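Structure record follows, encoded as structure tokens.
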Amino acid sequence: MTFPERFSNLPEYAFPRLRSLLDAHAPGGEVVHMTIGEPRHAMPDFVGEVLAENIGGFGKYPNNYGSDALLSSISGWLSRRFGIAVDPETEIMAVNGTREGLMNACLALCPETKNGRQPVVLTPNPFYQVYAVAAVTVGAEPVFVPATRETGFLPDYAGLPAEILDRAAIAYVCSPSNPQGAVASRDYLRGLIALAEKHDFKIFADECYSEIYRGEKPAGALEVAREMGADPERVAIFHSLSKRSNLPGLRSGFVAAGPENMLRIRRLRAYAGAPLPDPIQAVSARVWADEAHVEASRALYVEKFDLADEIFAGIEGAGAPDAGFFLWLPVGDGEQTALKLWTETGVRVLPGAYLSREVNGENPGKDYIRVALVAPREETRRGLVTLRDCLYGKG
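No gaps in the numbering here: position 183 of the sequence shown is 183 in the UniProt record's numbering, and each next residue is one more.
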């Protein structure tokens with residue numbers, strides 16, 4: 001299959017599909033946007049000041065991999081948050097948000113063959129769409145593994161046939177998961193890392209929602225791998241400031257991995273990457289060093305988690321998640337439900353099927369809608385009450 005042919009088989013991205021579904025119809029009430037995961041809490045109040053202080057940096061080429069100050073700040077955050085020592089010079093690289101990192105790491109690290117055959121890239125289903133596109137780009141076979149209520153909304157990679165696992169080159173895992181908000185336990189991560197050691201594949205851990213939780217903070221894949229004494233090249237982790245710090249427009253994150261993996265990731269960046277401008281790096285360094293704004297934002301999400309639990313009390317499967325900022329609501333037919341909500345109430349949500357792939361005639365997201373809890377509290381309350389009354393009857 002040629003390179004263009006690989007992409008011709010990709011389904012349309014979720015949000016163009018949503019516009020095709022809804023935009024031909026008038027909203028049935030005041031519009032409430034609950035589709036895209038774009039944080040709307042306040043960003044740190046010092047961002048503008050740091051950007052202004054470093055504005056002259058736009059006049060020169062930035063460091064390809066991240067400034068010393070930025071990489072040291074990230075390393076410090078990893079130490080405080082996960083208790084791990086990560087060398088800023090050899091094990092971290094700044095990226096333009098996790099999407100770029102998740103894509104380019106696959107380009108840099110996926111082999112052309114595995115055990116003499118086409119490699120496999122494992123991805124949860126539902127999933128963040130870049131996982132599948134990365135697999136297709138490198139000529140690997142994407143294998144979509146259901147992440148359903150029965151599996152705790154995390155993929156059961158251990159249940160795959162040995163023939164698939166022996167061809168696996170990379171396994172993507174998202175914790176807290178998008179869209180379901182499931183958190184991978186230490187036991188789950190230990191099992192996955194042991195599986196990767198046995199079958200010799202790499203784990204790409206998308207942890208961009210790790211700082212939005214209630215109760216116990218989520219464990220990290222690199223943290224658990226270090227505790228186990230796993231191969232240092234086994235796990236790569238991806239974080240960003242989009243969700244943690246309400247800065248999606250900054251396009252700033254990082255990948256951390258073993259030194260051999262990082263050498264290859266950095267080599268690709270040197271030829272084909274887009275480094276962050278120096279002023280953005282300066283802002284990022286300051287933001288990774290500050291936790292006060294993260295704690296304040298997390299408290300607002302916890303309020304909305306509690307709000308969702310209150311509004312959907314007694315409705316099976318409709319409570320707030322453990323982490324992340326989406327509700328994953330079982331509704332029967334997600335596409336028809338999204339259309340009903342839009343035309344009858346003006347509430348705009350995303351059908352779960354648009355985040356999933358049909359495998360053997362089954363799409364694990366088809367009976368769900370994803371509802372983003374990113375708006376201010378009262379707007380979120382209005383949207384959730386309207387949604388509940390429309391779908392489940394007045395509370």
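Each residue gets a CB set at the ideal place from its N, CA and C atoms; glycine is no exception.
No experiment lies behind these values; they were computed from the predicted model shown.
Practice problem: Please look up how many angstroms separate the CB atoms of Gly329 and Val371, rounded, as I've assumed it's under 8 Å. | Solution: The amino acid occupying residue 329 in the given sequence is Leu; Gly does not appear at that position. Leu329 to Val371, Cβ: 6 Å. Contact.
Exercise. Out of Lys114, Cys106 and Ala158, state which residue places its alpha-carbon closest to the alpha-carbon of Ala135.
Key: Per the Cα distances, Cys106.
Exercise. Please check the pair Pro179 and Leu355, which I expect to be a contact at CB under 8 Å, by giving their CB distance rounded to whole angstroms.
Key: So it is a contact: roughly 6 Å between Cβ atoms.
Practice problem: Let me know if Gly220 comes out buried or exposed under the rule of 16 or more other beta-carbons within 10 Å of its beta-carbon. | Solution: It counts as buried.
Quiz item: According to DSSP, which residues form a beta bridge with Pro330?
Solution: Answer by DSSP bridge pairing, in chain order: Tyr368.
Quiz item: For Ala274, which residues of its own chain have a beta-carbon under 7 Å away from its beta-carbon, when the five flanking residues on both sides are left out?
Solution: Asn96.
Self-check item: Boundaries (first-last residue) of the beta strand (DSSP E) holding Ile212
Solution: Run containing Ile212: none; DSSP gives neither H nor E here.
Quiz prompt | Opening and closing residue of the alpha helix (DSSP H) in which Asp87 lies | solution = That residue, Asp87, is in no alpha helix (DSSP H); it is neither H nor E in DSSP.
Quiz item: So the beta strand (DSSP E) Thr123 belongs to, where does it begin and stop?
Solution: Counting along the chain, the beta strand (DSSP E) containing Thr123 begins and ends at Val120 to Asn125.
Quiz prompt | Identity of the residue in Leu387, Leu109 and Arg388 nearest Val138 by Cα | solution = When each option's Cα is compared against that of Val138, the closest is Leu109.
Quiz prompt | Separation of Ile237 from Ala205, as counted between CA atoms | solution = For Ala205 and Ile237, the distance between alpha carbons rounds to 5 Å.
Practice problem: Please name the residue or residues paired with Cys106 in a DSSP beta bridge. | Solution: Per DSSP, Cys106 has no beta-bridge partner at all.
Quiz item: Rounded to a whole number of angstroms, what is the C-alpha to C-alpha distance between Tyr65 and Ile265?
Solution: Straight through space, the alpha carbons of Ile265 and Tyr65 are spaced by roughly 10 Å.
Exercise. Give a yes or no on whether the C-beta atoms belonging to Pro119 and Ala169 are separated by under 8 Å.
Key: Yes, the pair counts as a contact, with Cβ atoms nearer than the cut-off.
Self-check item: Distance between Phe201 and Arg234 (C-alpha atoms, nearest Å)
Solution: Approximately 7 Å, taken between the alpha carbons.
Quiz item: When you compare each of Val287, Gly334, Arg214 and Leu391 to Ile315 by their alpha carbons, which one comes out closest?
Solution: For Ile315, the nearest C-alpha among the options comes from Leu391.
Practice problem: Since I believe Ser252 is in contact with Ser284 (beta carbons under 8 Å), could you give me their beta-carbon distance rounded to a whole number of angstroms? | Solution: That belief holds up - the Cβ atoms of Ser284 and Ser252 are roughly 4 Å apart, short of 8 Å.
Self-check item: C-alpha gap between Thr337 and Glu344, whole angstroms
Solution: Straight-line Cα distance between these residues: approximately 10 Å.
Practice problem: Output the distance between the C-alpha atoms of Gly28 and Trp342, rounded to the nearest integer angstrom. | Solution: If you take the alpha carbons of Gly28 and Trp342, they lie about 6 Å apart.
Self-check item: Span of the alpha helix (DSSP H) around Ile280
Solution: Boundaries of the alpha helix (DSSP H) harbouring Ile280: Asp278 to Trp288, taken from the DSSP string.
Quiz item: Beta-carbon separation of Ala158 and Asn125 under 8 Å?
Solution: Contact flag unset, no.
Quiz item: What residue range is occupied by the uninterrupted beta strand (DSSP E) comprising Gly253?
Solution: Counting along the chain, the beta strand (DSSP E) containing Gly253 begins and ends at Gly253 to Ala256.
Exercise. List the residues that DSSP assigns as beta-bridge partners of Lys114.
Key: Arg117.
Quiz item: Are the beta-carbon atoms belonging to Ile193 and Ala230 less than 8 Å from one another?
Solution: Going by C-beta atoms, Ile193 is nearer than 8 Å to Ala230.
Self-check item: 8 Å Cβ cutoff met for Pro62 and Ser72
Solution: Result no, Cβ atoms of Pro62 and Ser72 do not sit closer than 8 Å.
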